[in-house]
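Residue numbers (this note's numbering): 70 to 619.
A virtual CB, placed ideally from N, CA and C, is assigned to each residue, including glycine.
See below for the structure under consideration.
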């Protein structure tokens with residue numbers, strides 16, 4: 070006999086009735102996106118403060134490598150749990166009730182806890198060997214500091230790993246805001262550490278200890294709102310691991326290709342950390358320079374495409390169960406069009422403004438103008454891949470919703486070989502340094518998107534090929550115009566190098582130039598009758614009417 074618990078309030082409903090999939094996805098994305106904007110703002114403040122404390126000196130590399138190690142271990146949980154667990158949790162909730170869904174969740178909870186309790190001590194013991202393996206030109210003092218820092222960061226691994234599961238459970242209930250809140254609090258913890266270091270003018274090693282303490286505190290803060298939001302649902306948790314449960318077995322079947330792909334992905338990531346320390350890279354803290362050169366793009370991806378991919382996944386999982394493929398196709402195409410509409414002009418504008426932008430964001434304290442120049446080439450190479458990074462999320466989520474996890478995994482394995490080959494050739498053979506590593510990533514992600522689309526197309530309905538090709542050409546034309554406008558504006562607005570409050574004035578100049586370029590793009594897009602501009606106008610009108618009533 071199956072028991073279905075009724076929700077205590079409408080927001081707790083497992084599958085609430087909504088006017089339409091598109092509106093539901095938009096609401097979910099807006100809620101997540103608002104918090105990811107907050108996360109972006111916090112991170113946008115925190116990372117330059119960290120750079121202010123270190124510059125591109127060897128202590129910055131110790132921080133970059135230690136956080137890279139711990140976060141890559143965490144990503145083994147983060148990237149497996151959502152696509153393997155969520156479709157089965159939603160299916161059980163919809164077809165058999167909440168208590169049945171929590172039977173699967175209970176198995177997942179205890180398995181994740183056991184895995185974390187095993188992995189953290191193993192990582193602590195293996196840290197010296199791993200850090201030495203990733204180092205080429207790092208000295209003994211830097212290696213020792215990196216080991217100690219990474220071991221301290223492991224204190225936060227349990228909170229991060231477990232939060233990956235609680236995040237996914239909340240997504241199953243479509244309570245996206247509480248799920249995303251934890252990410253913002255994590256960044257606030259790191260920011261607090263960086264602010265304290267700045268306030269007391271700490272030397273680099275003392276600053277590193279304070280920032281690491283903020284990281285560990287933030288990882289705890291990431292988990293707490295999840296535990297609170299799940300609330301009374303915890304009563305369904307059972308102290309049992311049921312390996313015979315058909316849904317648990319299906320979850321494991323989905324997890325196997327994901328684990329394989331992610332293990333290869335993380336191994337590739339570690340290799341690239343090693344490659345960035347190549348003696349031919351003429352930057353003292355090459356790993357930190359590579360990391361910081363991509364932070365602006367990473368945060369932009371986290372604000373919108375990541376939020377959209379999280380918000381859209383439960384709806385894709387529902388639509389994938391239907392015989393009619395057109396609703397699934399329309400939802401996916403809508404998401405891809407939005408990514409193209411946003412990130413093609415953004416890519417053009419960021420590249421046009423690259424030097425003043427990097428100076429405005431990063432140049433202060435121990436990080437010099439020469440350091441920002443060293444970061445500019447990998448920044449451009451990474452920015453060229455923003456459209457692919459955004460679209461990859463939507464395409465992968467569609468495969469996961471269709472429970473075809475092996476397809477993106479195998480494609481990812483192939484493009485990983487391409488990534489490593491191009492990066493190695495670029496660094497060791499051609500001497501292109503950090504730009505080769507960033508450019509290889511952009512190339513491999515673009516190829517992966519094209520192959521995934523080719524593999525996905527037979528399972529879709531009408532993709533409106535002609536309309537979407539013209540859409541892409543219109544967006545590209547508007548983006549070129551926007552880039553030219555931004556380049557012209559910054560020439561008139563940028564302050565002189567010796568101006569007082571240079572950083573603030575440069576940030577204002579970059580902001581005005583960027584906003585002016587975006588405005589020109591939207592006017593151009595509206596004149597070309599790009600459908601997405603009508604949606605923006607409708608949203609703007611709705612906001613205006615609400616403000617008038619308020």
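For residue 286, the CB contacts under 6 Å within the same chain, skipping 5 residues up- and downstream, are 258 in chain order. Residue 569 carries a coil assignment under DSSP once its states are collapsed to helix, strand and coil. Residue pairing of residue 436 in beta bridges, as defined by DSSP: 433.
At the C-beta level, residue 234 and residue 142 stay beyond 7 Å of one another.
In the structure shown, residue 247 falls within a helical segment according to DSSP collapsed to helix, strand and coil. For residue 166, there is no enclosing alpha helix (DSSP H), as DSSP marks it with neither H nor E. When the Cα atoms are used, residue 170 and residue 194 turn out to be separated by approximately 37 Å. Secondary structure note for residue 515: its alpha helix (DSSP H) is the uninterrupted segment 503 to 525. Restricted to the segment 391 to 460, the alpha helix (DSSP H) segments that are unbroken, complete and at least 4 residues in length are 395 to 421, 423 to 431 and 438 to 452, listed in chain order.
The segment 127 to 135 and the segment 261 to 278 touch, with three or more beta-carbon pairs separated by less than 8 Å. Within the segment 268 to 349, the runs of alpha helix (DSSP H) at least 4 residues long that lie entirely inside it are, in chain order, 273 to 299 and 315 to 344. When the beta-carbon positions are compared, residue 333 and residue 356 stay at least 7 Å from each other.
If only uninterrupted alpha helix (DSSP H) runs of at least 4 residues are considered, those enclosed by the segment 140 to 214 are 167 to 202. DSSP, reduced to helix, strand and coil, places residue 387 within a helical segment of the structure shown. In this structure, residue 544 keeps its C-beta atom at 7 Å or more from the C-beta atom of residue 412. Excluding sequence positions up to five before and after residue 425, its CB lies within less than 7 Å of the CB of 559, 563, 575, 578 and 579, all in the same chain and listed in chain order.
In summary, residue 210 is exposed, with fewer than 16 beta-carbon neighbours lying within 10 Å of its beta-carbon over all protein chains present. The Cβ atoms of residue 420 and residue 467 lie no closer than 7 Å to each other. One Cα belongs to residue 584, the other to residue 417, and the distance between them is close to 13 Å. A distance of 7 Å or more separates the beta carbons of residue 473 and residue 256. Within the same chain, 279 come within 6 Å of residue 265 by CB-CB distance, once the 5 residues on both sides are set aside. Boundaries of the alpha helix (DSSP H) around residue 546: 534 to 562. In the structure shown, the three-state DSSP call for residue 596 is helix.
Short of 7 Å from the beta carbon of residue 247, and not among the five residues preceding or following it, lie these beta carbons of its own chain, in chain order: 239, 294, 295 and 298. When DSSP states are grouped into helix, strand and coil, residue 472 belongs to the coil group. Ranked by how close their Cα comes to the Cα of residue 304, the residues 281, 551, 556 and 175 have 175 in first place. For the options 482, 428, 487 and 550, the alpha carbon positioned closest to that of residue 362 is the one of 428. DSSP places residue 236 within a helical segment (H, G or I) once states are collapsed to three. The shortest CA-to-CA distance from residue 403 to any of 435, 533, 203 and 153 is the one to 533.
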